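Chains as they are written, first to last, in my numbering: chain A, 90 to 194; chain B, 159 to 527. We put the beta carbon where it would ideally sit given N, CA and C, even for glycine. Being a predicted model, the structure only gives us computed values, none of them experimental. Notes to accompany the following structure.
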Amino acid sequence: MNFESELKKGNFIVAECLHCQKIIWPSSEFCNKCFKEVSWRKGSRKGKIIEFSKQNNDHFCLVEIENTIKIMGKISSGIPNVGQHVKIERCGIKDENYYFEMSLI
Amino acid sequence: MPKVGIASYGITKFTKDDSKIESVLLKSTKNLFDNNPNLSRNDIDAVLVSTNNNSKYLSAILSEMSGIEPKIAHSIESLCNSGTNAIVSAYSYIASGLADIVLVSGAERYDSPGQILEWDNSRGEFKHPIFWASIFTKAYKREFSVTDEELAIVPVKNHKQAQNNPNALSEKTYSFEDVINSKKLTDDLRLLDCSRPCTGGASILLASENTCKKFTDVPIWITGIGQKTTSAGFTKNIAFSSMESTHLAASTAFKMSKCNVKDIDVAEVHDAFSVCEPMALESIGFTDKGKGMDMIKELHITNNLKINPRGGLIGSGHPLGATGIAQTIEITQQLQSCANKRQVENAEIGLVHNMSAAATSSTVLILER
């Protein structure tokens, strides 16, 4: 199991070092503090908007998940605000790039 | 630490030309030799090439094409601050005694692969630099109540200043209206807010104290070096309205040079996008947080060339691997009082700020007469 193989299937998983009790992001096989092998678990699909802008009809947002993971995702409906909560509706890999489609909650 | 100085330099015009990378490297190296007839090929101990180009073995290729057989030859890549990284490597070779004279040559083509950091998947489908620049701009405007109209001063000033730089890509001045009405790339970024990728080369010759004096009557000394890498991924930045790596690199450089920001007479800062100029000025310490635009406005109105006299990246163009070297050449010319119409009067101490990938790493150099 790894982050990309699961993301390809639309799943969002998190690498966690049980020894250091920390999330490793960007996901990696090894902890960036102790180099022990990470374990994988299902990640929360809920996050908070840190900042955003807009291109054409879509907003692109910098979102923080589980107070650690920061990703850029797309919001296609509604007007976002900093601090607002969002949910990952769909994620995956398209044209070799990760994508995260989010909605406001 | 032994003194290391700048003995010579060479540069090409920055263009949109479809030239081979080897040819661009050779052109600025040839210009460096033309500028210094006393320099013999046998004098050069190391040849360092700074580029993001995917071609291999470029330092050996440049050496062969220039008739140099160096002891040390290799390339250096660190995205947009490859140039100053290569200068720091050259400095280290000389300071350690492994080399006495080092040629650093930077070059890039307009279609450089260094514009996109493929690894940074935390950016999702938003990997082009315009997206981090939009987030920086939005965060900066929000935190300090700055408007798009105010930020437009940066490209207006830097294109204006580039008109006195014969090697600049920019060939015309722009009004505030031109900037505001230029193509909207995102809600927070317009085309004229961006530095443009281009084809260009810049070379510099570093040497130890005594050797440097043989090649120039006005050696310029590198008295301060600060570098900091905080991460590789854009989203790992702790703030989006300031540059942490720049702040740390500047502190280190000032400490090494034993001078402070008030001593700086002239500076080239990495204005990859409009918002980067006030953010860099604040993070280096030229002005308080949120006051960068006040400083830039004052400089623009009074035609004071202290910041980015050659036009910065926005006015000069941004051939990634050559940029840090071109910035260093500009400050060298300023301190040698040979910057012609761009000259800042009585410039004795200068600063170069060169950064990569949304300020995840920065280099700051202090240069003195």
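Taking the C-alpha atoms as reference points, what is the distance between residue 176 of chain A and residue 112 of chain A?
-> 19 Å
Starting from residue 170 of chain A and walking both ways along the beta strand (DSSP E), at which residues does that stretch end?
-> No beta strand (DSSP E) holds residue 170 of chain A; DSSP gives it neither H nor E.
Which residue or residues does DSSP assign as beta-bridge partners of residue 129 of chain A?
-> A/104
Through-space distance from residue 383 of chain B to residue 458 of chain B, alpha-carbon basis = Each residue's CA atom was taken as its position, placing residue 458 of chain B and residue 383 of chain B some 29 Å apart.
Could you tell me whether any Cβ in chain B is nearer than 7 Å to the Cβ of residue 111 of chain A?
-> no
Considering residue 176 of chain A, what are the terminal residues of the beta strand (DSSP E) in which it resides?
-> 174 to 183
Which of helix, strand or coil does DSSP assign to residue 158 of chain A?
-> Reduced to three states, the DSSP call for residue 158 of chain A is strand.
Return yes when the Cβ of residue 282 of chain B is within less than 7 Å of the Cβ of residue 197 of chain A, no when it is not.
-> Outside the modelled stretch of chain A, which goes from 90 to 194, sits residue 197 of chain A, for which no answer is possible.
7 Å Cβ shell around residue 398 of chain B - same chain, five flanking residues per side excluded | When the five nearest sequence neighbours on each side are left out, the beta carbons in the same chain lying within less than 7 Å of the beta carbon of residue 398 of chain B are those of 293, 294, 297, in order along the chain.
Give a yes or no on contact between the stretch 491 to 502 of chain B and the stretch 249 to 261 of chain B, applying the rule of three or more CB pairs nearer than 8 Å.
-> no
Using a beta-carbon distance below 7 Å, is residue 160 of chain A in contact with chain B?
-> yes
Sequence ranges, alpha helix (DSSP H) only - wholly within the stretch 187 to 259 of chain B, length at least 4 | Contiguous alpha helix (DSSP H) elements confined to the stretch 187 to 259 of chain B occur at 216 to 224, 240 to 254, taking only those with 4 or more residues.
Could you say if the stretch 307 to 318 of chain B and the stretch 464 to 474 of chain B meet the contact criterion of at least three C-beta pairs nearer than 8 Å?
-> yes
Anything in chain A within Cβ reach of residue 346 of chain B, meaning under 7 Å, just list it in chain order.
-> 142
Residue 119 of chain A at chain B interface by Cβ criterion, 7 Å | no
Would you call the stretch 401 to 411 of chain B and the stretch 433 to 445 of chain B in contact, with 3 or more CB pairs under 8 Å?
-> yes
By Cβ distance, which residues of its chain are closer than 7 Å to residue 210 of chain B, with the 5 residues on each side in sequence left out?
-> 235, 237, 240, 266, 270, 271, 272, 478, 479
Could you tell me which of B/203, B/242, B/207 sits nearest to residue 180 of chain B, measuring between CA atoms?
-> B/207
Could you tell me the boundaries of the alpha helix (DSSP H) in which residue 461 of chain B lies?
-> Where residue 461 of chain B is concerned, there is no enclosing alpha helix (DSSP H), given that its DSSP letter is neither H nor E.
Do the stretch 381 to 395 of chain B and the stretch 507 to 522 of chain B meet, that is, are 3 or more Cβ pairs less than 8 Å apart?
-> Contact between the stretch 381 to 395 of chain B and the stretch 507 to 522 of chain B is present, because at least three Cβ pairs lie under 8 Å.
Just how far apart, CA to CA, sit residue 317 of chain B and residue 268 of chain B?
-> 19 Å
Anyone know if the C-beta pair for residue 439 of chain B and residue 502 of chain B falls short of 7 Å?
-> no
Just the Cα atoms here: how many angstroms apart are residue 366 of chain B and residue 277 of chain B?
-> Near 38 Å, if we compare the C-alpha coordinates of residue 277 of chain B and residue 366 of chain B.
For residue 363 of chain B, the nearest candidate out of B/197, B/342, B/523 (CA to CA) | B/197
Meets three-Cβ-pair contact criterion under 8 Å: the stretch 177 to 184 of chain A and the stretch 323 to 334 of chain B | no
Jot down the residue ranges of each uninterrupted beta strand (DSSP E) in the stretch 417 to 452 of chain B, minimum 3 residues, whole runs only, in chain order.
-> Scanning the stretch 417 to 452 of chain B for uninterrupted beta strand (DSSP E) segments of 3 residues or longer gives 424 to 426, listed from N- to C-terminal end.
Residue 91 of chain A: contacting residues in chain B (beta-carbon distance under 7 Å) | What residue 91 of chain A touches in chain B: nothing, since even the nearest Cβ is about 13 Å away.
Between which two residues does the alpha helix (DSSP H) harbouring residue 295 of chain B extend?
-> 287 to 302
Could you name the residues that DSSP lists as bridge partners for residue 187 of chain A?
-> A/182
Cα-Cα, which of A/92, A/107, A/123 is closest to residue 100 of chain A?
-> A/92
Verify whether the separation of the beta carbon atoms of residue 154 of chain A and residue 128 of chain A is less than 7 Å.
-> no
Simplified DSSP assignment, three categories, for residue 280 of chain B = helix
Whole angstroms is fine: what's the gap from residue 360 of chain B's alpha carbon to residue 261 of chain B's?
-> 11 Å
Starting from the beta carbon of residue 279 of chain B, find every residue of chain A whose beta carbon is closer than 7 Å, and list them in chain order.
-> 115, 187
Skipping 5 residues on each side, what residues in its chain have a beta carbon closer than 6 Å to that of residue 224 of chain B?
-> 187
Quick one: using the 10 Å Cβ neighbour count with 16 as the cut-off for buried, is residue 106 of chain A buried or exposed?
-> buried
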